[in-house]
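Engineer:
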Ligand SMILES: Nc1ncnc2c1ncn2[C@@H]1O[C@H](COP(=O)(O)OP(=O)(O)OP(=O)(O)O)[C@@H](O)[C@H]1O
Ligand SMILES: [Mg+2]
């Protein structure tokens, strides 16, 4: 997709060796990166005034449009529809979550998974890091992964188990994952700024940020720092989206939750990050624990219906819960009387699970 010569920064009028070096030092290596960063950041990095930076980014954009590398400003809906056909989908390896995602986790979008501790966010990220490597026929994108780990919860052993369970070579699966341990929020931002080159050189098809907001949350405490935190977080999540859109790759981020005490009805659990995160994620999925089961709810999506599914966690990562229910049904069908004697142990739908939990907790 990328032609090195065409994308060189110094092929743009007004970009000399000094500017090129400054941009390179900040992880901007190609014209594509200019678009990803946008005029405000380019101005900050190079010391240009914002108007000149704006013009430069605009020139870069025009060049890429002419080269057919990015979409035009005005396109017909049918052109857009055709373009959306190029969106890749990564299977989750489960029927239930694939149904929720309408086929799988999409490229050109930011998928946010939030939920309380132990609900399976990290397990989901590990699973997707393996699934994306599968062939296209098998539901993958035959690509590598950039896994940004800010909580020190990435475990290669889990990758080995998930790969084995999927009949894949565990060594290869590990080789295809680049792990970047982020120690603070600035470091996390820096890793992402350096990602462009890695994406093209290593055929990265999935970026994972687990967790995206944790470090920002722990470093910027108290009301006084809220504005700065939101500004920095905004920059981070926007970069995640722009990388996904520009390179046609999938971005997954996890988010923590807080309990909102002013909520009288419904679930008081809310994702953190406020509007910045809410408005930037393309898809928001809420994971919830329910005993051994997990419930996933599509909370916000431009085109998916709001629905819920039940899934499980296992050695293979995220799994279908069905095998369990099938087993239960099978055992139930033998002693017929017990069917009427005891109330259903497993609620019928995901909503039942959530509702029953809410009643329990009240
Ligand atoms: N090998 C395994 N087999 C089966 N289940 C596992 C395995 N490893 C972890 N789990 C399940 O995953 C759960 C932890 O999930 P995970 O680490 O994804 O939570 P999380 O949502 O990322 O939580 P946090 O907010 O603390 O990061 C454990 O409670 C356990 O039930
Ligand atoms: Mg986790």
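Numbering (the working numbering), first residue to last: 204 to 565. Don't be surprised by glycine CBs; every beta carbon is placed ideally from N, CA and C.
Report buried or exposed for residue 320, applying the criterion of at least 16 other Cβ atoms within 10 angstroms of its Cβ.
Structural biologist: For the purposes of this step, residue 320 is taken as the residue at position 117 of the chain shown. Classification of residue 320: exposed, given that the 10 Å Cβ count is below 16.
Engineer: Residue 214 to residue 237, Cα distance in whole Å?
Structural biologist: Reading the chain shown from its first residue, position 11 is the one you call residue 214. Reading the chain shown from its first residue, position 34 is the one you call residue 237. Cα-Cα distance, rounded: 13 Å.
Engineer: What are the boundary residues of the alpha helix (DSSP H) that includes residue 284?
Structural biologist: Residue 284 sits at position 81 when you count from the first residue of the chain shown. Looking at the DSSP string, the run of the alpha helix (DSSP H) that includes residue 284 is 280-287.
Engineer: In three-state DSSP terms, what is residue 260?
Structural biologist: As a first step, residue 260 must be located in the chain shown, where it is residue number 57. If DSSP states are grouped into helix, strand and coil, residue 260 belongs with the helices.
Engineer: Looking at ligand 2, does it come within less than 7 Å of residue 213, judged from the CB to the closest heavy atom?
Structural biologist: Residue numbering aside, residue 213 sits at position 10 when the chain shown is read from its first letter. Every heavy atom of ligand 2 is 7 Å or more from the Cβ of residue 213, so no.
Engineer: When a residue counts only if its C-beta is closer than 5 Å to some heavy atom of ligand 1, which residues count, in chain order?
Structural biologist: For ligand 1, the selected residues are 320, 321, 322, 323, 324, 325, 326, 516, 517, 518.
Engineer: Which stretch, first to last residue, makes up the alpha helix (DSSP H) that contains residue 471?
Structural biologist: Mapped onto the chain shown, residue 471 falls at position 268. It is not in any alpha helix (DSSP H) - residue 471 carries neither H nor E in the DSSP assignment.
Engineer: Go ahead and pull the three-state DSSP assignment for residue 313.
Structural biologist: As a first step, residue 313 must be located in the chain shown, where it is residue number 110. Reduced to three states, the DSSP call for residue 313 is strand.
Engineer: May I have the straight-line CA-CA distance separating residue 397 from residue 230, to the nearest angstrom?
Structural biologist: On the chain shown, residue 397 is found 194 positions in, with the first residue counted as 1. On the chain shown, residue 230 is found 27 positions in, with the first residue counted as 1. Looking at the two C-alpha atoms, the distance is approximately 5 Å.
Engineer: Shortest alpha-carbon distance to residue 376 belongs to which of 253, 277, 384, 361?
Structural biologist: Your numbering for residue 376 matches position 173 in the chain shown. If we check each option's Cα against that of residue 376, 361 comes out closest.
Engineer: Taking the Cβ atom as the reference point for each residue, do residue 406 and residue 381 lie within a distance shorter than 8 Å?
Structural biologist: Numbered from its first residue, the chain shown carries residue 406 at position 203. Numbered from its first residue, the chain shown carries residue 381 at position 178. Cβ distance not < 8 Å, so residue 406 and residue 381 don't count as in contact.
Engineer: Thinking just about the alpha-carbon of each residue, which of 416, 442, 336 is nearest to the one in residue 399?
Structural biologist: If you number the chain shown from 1, residue 399 lands on position 196. The shortest Cα separation from residue 399 among 416, 442, 336 belongs to 442.
Engineer: Less than 7 Å separating the Cβ of residue 356 from some heavy atom of ligand 2?
Structural biologist: Residue mapping note: residue 356 aligns to position 153 of the chain shown, counting from 1. Indeed, a heavy atom of ligand 2 lies less than 7 Å from the Cβ.
Engineer: From the DSSP output, read off the bridge partner residues of residue 347.
Structural biologist: As a position in the chain shown, residue 347 is number 144, starting the count at 1. Residue 347 pairs with 407.
Engineer: Counting C-beta neighbours from all protein chains within 10 Å, is the total for residue 358 16 or more, i.e. buried, or is it exposed?
Structural biologist: The residue given as residue 358 occupies position 155 in the chain shown. The residue is exposed, with fewer than 16 neighbouring Cβ atoms inside 10 Å.
Engineer: Specify the secondary structure class of residue 227 as computed by DSSP and reduced to three states.
Structural biologist: Residue mapping note: residue 227 aligns to position 24 of the chain shown, counting from 1. Here residue 227 sits in helix by DSSP.
Engineer: Let me check understanding here. Comparing Cα to Cα, which of 512, 223, 234 lies closest to residue 260?
Structural biologist: For the purposes of this step, residue 260 is taken as the residue at position 57 of the chain shown. Checked all of 512, 223, 234; the closest Cα to residue 260 is 234.
Engineer: Which residues mark the beginning and the end of the beta strand (DSSP E) in which residue 461 is found?
Structural biologist: Taking the chain shown and counting its residues from 1, the one referred to as residue 461 is at position 258. It spans 460-462 - the beta strand (DSSP E) in which residue 461 sits, taken as one unbroken run.
Engineer: Report yes or no: do the segment 517-524 and the segment 321-330 share at least 3 C-beta pairs separated by less than 8 Å?
Structural biologist: Segments in contact, yes.
Engineer: Below 8 Å on the Cβ atoms is my guess for residue 307 versus residue 324; work out the distance and round it to an integer in Å.
Structural biologist: Stepping through the chain shown from its first residue, residue 307 is reached at position 104. Stepping through the chain shown from its first residue, residue 324 is reached at position 121. With a Cβ gap of about 17 Å, residue 307 and residue 324 do not count as contacting.
Engineer: For residue 530, count neighbouring Cβ atoms within 10 angstroms of its own Cβ and tell me buried if that reaches 16, exposed if not.
Structural biologist: Taking the chain shown and counting its residues from 1, one reaches residue 530 at position 327. Here the model assigns residue 530 a pLDDT of 46, short of 50, so the residue's position is not dependable, and the following value carries that caveat. The residue in question, residue 530, is exposed, as its Cβ has fewer than 16 Cβ neighbours within 10 Å.
Engineer: So is residue 224 buried or exposed if we call it buried at 16+ other beta carbons inside 10 Å?
Structural biologist: Within the chain shown, numbered from 1, the residue matching residue 224 stands at position 21. Flag for residue 224 reads exposed.
Engineer: Does the separation of the CB atoms of residue 249 and residue 454 fall below 8 Å?
Structural biologist: Indexing the chain shown from 1 puts residue 249 at position 46. Indexing the chain shown from 1 puts residue 454 at position 251. Going by C-beta atoms, residue 249 is not nearer than 8 Å to residue 454.
Engineer: Counting C-beta neighbours from all protein chains within 10 Å, is the total for residue 486 16 or more, i.e. buried, or is it exposed?
Structural biologist: As a first step, residue 486 must be located in the chain shown, where it is residue number 283. When all chains shown are included, residue 486 counts as buried.
Engineer: Please report the distance separating the alpha-carbon of residue 284 from that of residue 425.
Structural biologist: Working through the chain shown from its first residue, we reach residue 284 at position 81. Working through the chain shown from its first residue, we reach residue 425 at position 222. Taking the straight line joining both Cα atoms gives about 45 Å.
Engineer: In chain order, what residues of the same chain have a beta carbon less than 7 Å from the beta carbon of residue 242, not counting five sequence neighbours either side?
Structural biologist: In the chain shown, counting from the first residue as 1, residue 242 sits at position 39. Excluding sequence neighbours, residue 242 sits near 253, 256, 257, 260.
Engineer: To which residues of the same chain is residue 510 closer than 7 Å at the C-beta, ignoring the five residues directly before and after it?
Structural biologist: Working through the chain shown from its first residue, we reach residue 510 at position 307. If we look at residue 510 and ignore the five residues flanking it on each side, its Cβ neighbours are 303, 501.
Engineer: Do the segment 430-448 and the segment 332-344 touch if we need at least three Cβ pairs shorter than 8 Å?
Structural biologist: The answer is no - the segment 332-344 does not touch the segment 430-448, with fewer than three Cβ pairs under 8 Å.
Engineer: Contact defined as beta carbons within less than 8 Å: I believe residue 460 pairs with residue 317. What is the distance between those atoms, to the nearest angstrom?
Structural biologist: As a first step, residue 460 is located in the chain shown; it is residue number 257 there, counting from the start. As a first step, residue 317 is located in the chain shown; it is residue number 114 there, counting from the start. That pair is a contact at about 6 Å.
Engineer: Note down the Cα distance separating residue 408 from residue 271, rounded to an integer number of angstroms.
Structural biologist: Working through the chain shown from its first residue, we reach residue 408 at position 205. Working through the chain shown from its first residue, we reach residue 271 at position 68. Straight-line Cα distance between these residues: approximately 20 Å.
Engineer: Just verifying my parser: in three-state terms, what is the DSSP assignment at residue 492?
Structural biologist: In the chain shown, counting from the first residue as 1, residue 492 sits at position 289. Three-state DSSP puts residue 492 in a strand.
Engineer: Is any non-hydrogen atom of ligand 2 found closer than 7 Å to the C-beta of residue 183, if you look at the structure I gave you?
Structural biologist: Missing from the structure shown is residue 183; the chain here goes from 204 to 565 and no further.
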